[in-house]
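**Student:** Residue numbers (our numbering): 1 to 339.
What follows is a single structure, and I will ask about it in a moment.
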């Protein structure tokens, strides 16, 4: 009795009929299970398992075969050793020329710092010529950076004016040779005066209006500005007169061209000359306005110009020598009168 704690079924919890049937069925199921049984045998009852359809695999298209084509490269242009050597030689010459120019400017600056003397370089006469340069002209050295463009425009305008005067000389020569008008004397006089204009106006324009503009931009001189404005305004008026082409006036313009309509090439040449004069007038007006703006921005005035002129005259050694000589002569004359 001691080894059997549950003598009665009522006291045994495992004696329940439902529990006993479940345990007996489970034991039979485990005992009847054969893992090596044929899986292909049909099941006795309906299967509740769902069948998964096999995936549809699309056919892989066969790659299209193409014949192998080798792309031929474009052949380089024919290489010329002679041309390459010539290009290298030109580059070397340009570099040597620039190096020589830089060395010359450096030497010039050093000479200016130590001695204050600068060798004249304009007009650039050849070395074999007996005439020597009269002025020192270097825009990059003398002119401030902000004014260099304006100064170059003025210099180009002066060069263009020289060309127009030479073209006017050629037109007057053609007018004298062709003689399209009855007044051949006037045509000859026009040619003679054109020679005088060619020889006088070119250096006079450089000295009278370009050089003062150069000094004004270089030293910010009010006096040089005033001189430039006066002469340049007169220069514009003279060019307007030149464009008319008055007979026996020394220039070829509209009047001469109209009288020479019988000779079309000569008339066209004279019309071109008149057009050059008028285009020059327009450029001159533009440069005059530009210089006036610089004049105002620099704070220059007519009073400053008067003061600069007075100081310049007072410090001029030639004026001082003349004044001293006049004073000595006056004193000696007064002493002789007293005696």
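Don't be surprised by glycine CBs; every beta carbon is placed ideally from N, CA and C.
Near residue 298, what residues of its chain come up, given a Cβ to Cβ distance below 6 Å and the 5 sequence neighbours on each side ignored?
**Tutor:** Excluding sequence neighbours, residue 298 sits near 220.
**Student:** Suppose the cutoff is 7 Å on Cβ atoms and the five residues either side in sequence are ignored; what does the same chain contact list for residue 240 look like?
**Tutor:** Contacts found: 281.
**Student:** When burial is assigned at 16 or more other CB atoms within 10 Å of the CB, is residue 172 buried or exposed?
**Tutor:** Flag for residue 172 reads buried.
**Student:** From 125, 196, 206 and 191, pick the residue whose C-alpha is nearest to that of residue 157; which is it?
**Tutor:** Taking only the C-alpha atoms, the option nearest residue 157 is 206.
**Student:** Which runs of the alpha helix (DSSP H), 4 residues or longer, sit entirely within the stretch 175 to 222?
**Tutor:** Taking only runs of at least 4 residues, the alpha helix (DSSP H) segments lying wholly in the stretch 175 to 222 are 184 to 205 and 211 to 219.
**Student:** Extract the residue ranges of the alpha helix (DSSP H) inside the stretch 244 to 268, only unbroken runs of 4 or more that lie entirely within it.
**Tutor:** Taking only runs of at least 4 residues, the alpha helix (DSSP H) segments lying wholly in the stretch 244 to 268 are 254 to 259.
**Student:** Beta carbon of residue 154, beta carbon of residue 213: below 8 Å?
**Tutor:** A contact, by the Cβ cut-off of 8 Å.
**Student:** I'd like the span of the alpha helix (DSSP H) that includes residue 138, first residue to last.
**Tutor:** Segment: none, residue 138 is in no alpha helix (DSSP H) and carries neither H nor E.
**Student:** What's the C-alpha gap between residue 283 and residue 82?
**Tutor:** For residue 283 and residue 82, the distance between alpha carbons rounds to 46 Å.
**Student:** Using the Cβ count rule (16 or more neighbours within 10 Å means buried), how would you classify residue 235?
**Tutor:** Residue 235 comes out buried.
**Student:** Suppose you measure from the CA of residue 250 to the CA of residue 125; what does that come to, to the nearest Å?
**Tutor:** Rounded to the nearest angstrom, the two C-alpha atoms are 28 Å apart.
**Student:** Do residue 195 and residue 169 have their CB atoms nearer than 8 Å?
**Tutor:** Going by C-beta atoms, residue 195 is nearer than 8 Å to residue 169.
**Student:** Pick helix, strand or coil for residue 342, following the three-state DSSP scheme.
**Tutor:** Any question about residue 342 goes unanswered here, given that the chain covers just 1 to 339.
**Student:** When the Cα atoms are used, what is the spatial distance from residue 177 to residue 243?
**Tutor:** Cα to Cα, residue 177 sits roughly 21 Å from residue 243.
**Student:** On the premise that residue 174 lies in contact with residue 247, defined as a C-beta separation below 8 Å, what is that separation, rounded to the nearest angstrom?
**Tutor:** Rounded, the Cβ-Cβ distance is 15 Å, inconsistent with contact.
**Student:** Taking just the CA atoms, how far does residue 147 sit from residue 265?
**Tutor:** Each residue's alpha carbon lies about 42 Å from the other.
**Student:** Could you check which residue in 127, 128, 133 and 129 has the C-alpha nearest to that of residue 120?
**Tutor:** Closest by alpha carbon: 133.
**Student:** At the level of alpha carbons, what is the spacing between residue 87 and residue 94?
**Tutor:** Near 11 Å, if we compare the C-alpha coordinates of residue 94 and residue 87.
**Student:** What separation, rounded to the nearest whole angstrom, lies between the Cα atoms of residue 268 and residue 257?
**Tutor:** Roughly 7 Å separates the two Cα atoms.
**Student:** Give me, in chain order, the residues of the same chain whose beta-carbon lies closer than 7 Å to that of residue 228; leave out the 5 immediate sequence neighbours on both sides.
**Tutor:** If we look at residue 228 and ignore the five residues flanking it on each side, its Cβ neighbours are 209, 212, 213, 216 and 291.
**Student:** When you compare each of 152, 225, 191 and 270 to residue 140 by their alpha carbons, which one comes out closest?
**Tutor:** Nearest C-alpha to residue 140: 152.
**Student:** In chain order, what residues of the same chain lie with their CB nearer than 6 Å to the CB of residue 253, ignoring the 5 residues before and after it?
**Tutor:** Excluding positions up to five away in sequence, the list reads 243, 244, 245 and 274.
**Student:** Anyone know if the C-beta pair for residue 162 and residue 200 falls short of 8 Å?
**Tutor:** It is not a contact, given that the beta carbons lie outside the stated cut-off.
**Student:** Taking the beta carbon of residue 232 as the centre, do at least 16 other beta carbons fall within 10 Å, making it buried, or is it exposed?
**Tutor:** When all chains shown are included, residue 232 counts as buried.
**Student:** Less than 8 Å between the C-beta atoms of residue 294 and residue 190, yes or no?
**Tutor:** Cβ distance not < 8 Å, so residue 294 and residue 190 don't count as in contact.
**Student:** Roughly how many angstroms separate the alpha carbons of residue 97 and residue 90, rounded to a whole number?
**Tutor:** Using only the alpha carbons, I get a separation of about 10 Å.
**Student:** Less than 8 Å between the beta carbons of residue 218 and residue 279, yes or no?
**Tutor:** No, Cβ-Cβ distance for residue 218 and residue 279 is not below 8 Å.
**Student:** Using C-beta distances below 8 Å, list every residue in its chain close to residue 41, excluding the 5 sequence neighbours before and after it, in chain order.
**Tutor:** With a pLDDT of 49 at residue 41, under the threshold of 50, the predicted position of this residue should be treated as unreliable, and no value is reported.
**Student:** What would DSSP say about residue 132, mapped onto helix, strand or coil?
**Tutor:** It is coil, neither helix nor strand.
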